[in-house]
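Colleague:
Given below as structure tokens:
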């Protein structure tokens, strides 16, 4: 998302499938969800705009995901990571394993790679699909190079200083490179928690020297877990809803994973904000992950995540990754189904 979306509410209950895995279910009602504070303009405006859709996993005849003739990320994807703030090696490993899982096809279903198949359905005007080959390129530890508080513009300054030509670690790759700036839980960001959990755009040549697709995602473990690490934390105005147990025992980083997946899907399908999006305003496009925020399984909507799995420790997940990792990642909009979809779908 260029700006994060959205809102909703509803009760849930648990079913157990034939394999003994717990699956959550609820009456089906559509409304993408991010539990923004009640005073946020997004809380009412977005829900009102989307709740007119026909109700089932976001399916709608009224959503027109349109191609605007720009490039998609069809070359091999090189992800360059800027670690901003203080990061433990164990936290970095959770995130990097998720990124590498996109290209790992021999995993138990439902897998991260199969989740990415929906993203791959999007093509450019030459008919080339988005790549399924992901490589983690160079990494750069920025520490607190620009202080403990960032803005949208200072993020671009951080990226500039992270380039090798400016004594950083990252190469310039404008043909298949995506730059991911991840901030630790003690770093403040302009509009973080109030309006965004992450965002993507492209760098300005006047600042960085190049046009490079990038995304920022923050660790919300301490600042606003009930918003950006939902459903691993629950807002106070949802007193009868229990938080889910994070699959990697780290609600801040596990919450980041879904936002990172969201931003990667949108950067790949709309890297320069001139490819795939709905709506007529390129300054506020509705992109392929925006429509499915808060939807993690069949039956999602109305404040309910949908049917997800639980492991033997009671943690919730919907995707399998490498090294035995499990993740809970939102679905994305399928151009074939005109609906939100993920590999753990039951119908």
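Residue numbers (this note's numbering): 17 to 363. For every residue, glycine included, the Cβ atom is placed at its ideal position computed from N, Cα and C. Note that this is a predicted model, so its numbers are computed, not measured.
What are the start and end residues of the beta strand (DSSP E) that includes residue 93?
Modeller: Indexing the chain shown from 1 puts residue 93 at position 77. 93–100 is the span of the beta strand (DSSP E), which, as asked, contains residue 93.
Colleague: Who does residue 349 pair with in a DSSP beta bridge?
Modeller: Locating residue 349 in the chain shown gives position 333, where the first residue counts as 1. Bridge partners of residue 349: 356.
Colleague: Report the rounded CA-to-CA distance for residue 236 versus residue 197, giving the unit in angstroms.
Modeller: As a working note, residue 236 is residue 220 in the chain shown. As a working note, residue 197 is residue 181 in the chain shown. Approximately 14 Å between the Cα atoms of the pair.
Colleague: Measuring CB atoms only, is the region 325–345 touching the region 286–297, in the sense that at least three cross pairs come out at less than 8 Å?
Modeller: Contact between the region 325–345 and the region 286–297 is absent, because fewer than three Cβ pairs lie under 8 Å.
Colleague: Using a Cβ distance threshold of 8 Å, determine whether the region 172–180 contacts the region 105–122, with at least three qualifying pairs required.
Modeller: Short answer: they don't touch.
Colleague: When burial is assigned at 16 or more other CB atoms within 10 Å of the CB, is residue 246 buried or exposed?
Modeller: Translated into the one-based positions of the chain shown, residue 246 becomes position 230. So residue 246 ends up on the buried side.
Colleague: What residues in its chain sit with their C-beta under 7 Å from that of residue 180, if we drop five residues either side in the sequence?
Modeller: Position 164 of the chain shown holds residue 180. Cβ within range, chain order: 186 and 187.
Colleague: Look at residue 113 and residue 337 and say whether their C-beta atoms are less than 8 Å apart.
Modeller: Along the chain shown, read from residue 1 onward, the residue named residue 113 stands at position 97. Along the chain shown, read from residue 1 onward, the residue named residue 337 stands at position 321. Their beta carbons are under 8 Å apart, which means residue 113 touches residue 337 by this criterion.
Colleague: Suppose contacts are defined by Cβ-Cβ distances below 8 Å. Is residue 224 in contact with residue 164 by that definition?
Modeller: The residue you call residue 224 lines up with position 208 of the chain shown. The residue you call residue 164 lines up with position 148 of the chain shown. No; because the gap between Cβ atoms is not below 8 Å, this pair is not in contact.
Colleague: Given that a residue counts as buried once 16 or more other Cβ atoms are within 10 Å of its Cβ, and exposed if not, what is residue 156?
Modeller: The residue labelled residue 156 in the question sits at position 140 within the chain shown. When all chains shown are included, residue 156 counts as buried.
Colleague: Which runs of the alpha helix (DSSP H) spanning at least 4 residues fall entirely within the region 98–159, listed in chain order?
Modeller: List check, alpha helix (DSSP H) in window: 105–117 and 128–136.
Colleague: Just confirm the distance between the C-beta atoms of residue 216 and residue 124, as a whole number of angstroms; I'd bet it's less than 8 Å.
Modeller: Taking the first residue of the chain shown as 1, we reach residue 216 at position 200. Taking the first residue of the chain shown as 1, we reach residue 124 at position 108. About 30 Å; that fails the 8 Å criterion.
Colleague: Within a Cβ cutoff of 8 Å, which residues of the same chain sit near residue 189, ignoring the five residues on either side of it in sequence?
Modeller: Position 173 of the chain shown holds residue 189. These residues qualify, in order along the chain: 94, 96, 153 and 228.
Colleague: When the distance is taken between beta carbons, is residue 131 closer than 8 Å to residue 353?
Modeller: As a working note, residue 353 is residue 337 in the chain shown. As a working note, residue 131 is residue 115 in the chain shown. Cβ atoms of residue 353 and residue 131: not closer than 8 Å.
Colleague: Give the straight-line distance between the Cα atoms of residue 361 and residue 252, rounded to the nearest whole angstrom.
Modeller: The count along the chain shown starts at 1 and reaches residue 361 at position 345. The count along the chain shown starts at 1 and reaches residue 252 at position 236. Their backbone Cα atoms lie some 30 Å apart in a straight line.
Colleague: Checking 8 Å against the spacing of the C-beta atoms, do residue 313 and residue 302 come in under that value?
Modeller: Residue mapping note: residue 313 aligns to position 297 of the chain shown, counting from 1. Residue mapping note: residue 302 aligns to position 286 of the chain shown, counting from 1. No, these two residues do not count as a Cβ contact at 8 Å.
Colleague: When the distance is taken between beta carbons, is residue 178 closer than 8 Å to residue 158?
Modeller: Here residue 158 refers to the residue found at position 142 of the chain shown. Here residue 178 refers to the residue found at position 162 of the chain shown. In this structure, residue 178 lies closer than 8 Å to residue 158 by Cβ.
Colleague: Any idea if residue 147 is buried or exposed, counting beta-carbon neighbours within 10 angstroms, 16 or more meaning buried?
Modeller: Taking the chain shown and counting its residues from 1, the one referred to as residue 147 is at position 131. The residue is buried, with at least 16 neighbouring Cβ atoms inside 10 Å.
Colleague: Counting C-beta neighbours from all protein chains within 10 Å, is the total for residue 258 16 or more, i.e. buried, or is it exposed?
Modeller: In the chain shown, the residue the question calls residue 258 occupies position 242. Exposed: under 16 other Cβ atoms inside 10 Å.
Colleague: Using 10 angstroms around the beta-carbon of residue 265, count the other beta-carbons present and answer buried if the total reaches 16, otherwise exposed.
Modeller: Within the chain shown, numbered from 1, the residue matching residue 265 stands at position 249. It is exposed - the Cβ of residue 265 has fewer than 16 other Cβ atoms within 10 Å.
Colleague: Given a cut-off of 8 Å on the beta-carbon distance, is the pair residue 199 and residue 234 in contact?
Modeller: Taking the chain shown and counting its residues from 1, the one referred to as residue 199 is at position 183. Taking the chain shown and counting its residues from 1, the one referred to as residue 234 is at position 218. In contact: residue 199 and residue 234 (Cβ atoms closer than 8 Å).
Colleague: If we ignore side chains and look at the alpha-carbon of each, how far apart do residue 267 and residue 201 end up?
Modeller: Counting from 1 along the chain shown, the entry for residue 267 is found at position 251. Counting from 1 along the chain shown, the entry for residue 201 is found at position 185. Taking the straight line joining both Cα atoms gives about 11 Å.
Colleague: Alpha carbons only, please: which of 168, 351 and 310 is nearest the one belonging to residue 206?
Modeller: Working through the chain shown from its first residue, we reach residue 206 at position 190. Taking only the C-alpha atoms, the option nearest residue 206 is 168.
Colleague: On the three-state DSSP scale, how would you describe residue 252?
Modeller: Residue mapping note: residue 252 aligns to position 236 of the chain shown, counting from 1. Here residue 252 sits in coil by DSSP.
Colleague: If you drop the 5 nearest sequence neighbours on each side, which residues of the same chain put their C-beta closer than 6 Å to that of residue 289?
Modeller: For the purposes of this step, residue 289 is identified with residue 273 of the chain shown, where counting begins at 1. 298.
Colleague: Is it the case that the Cβ atoms of residue 160 and residue 101 are separated by a distance below 8 Å?
Modeller: In the chain shown, the residue the question calls residue 160 occupies position 144. In the chain shown, the residue the question calls residue 101 occupies position 85. Taking 8 Å as the Cβ cut-off, residue 160 and residue 101 qualify as a contacting pair.
Colleague: To the nearest angstrom, how far is it from the Cα of residue 316 to the Cα of residue 308?
Modeller: Working through the chain shown from its first residue, we reach residue 316 at position 300. Working through the chain shown from its first residue, we reach residue 308 at position 292. When rounded, the distance between both Cα atoms is 9 Å.
Colleague: Taking the straight line between their C-alpha atoms, what separation do you get for residue 277 and residue 230?
Modeller: The residue labelled residue 277 in the question sits at position 261 within the chain shown. The residue labelled residue 230 in the question sits at position 214 within the chain shown. Cα to Cα, residue 277 sits roughly 13 Å from residue 230.
Colleague: Any idea what DSSP makes of residue 336, helix, strand or coil?
Modeller: The residue labelled residue 336 in the question sits at position 320 within the chain shown. Residue 336 falls in the strand class under three-state DSSP.
Colleague: Since residue 318 is in the alpha helix (DSSP H), which residue starts that stretch and which ends it?
Modeller: Counting from one through the chain shown, the residue named residue 318 turns up at place 302. Premise fails: residue 318 is in no alpha helix (DSSP H) and is neither H nor E.
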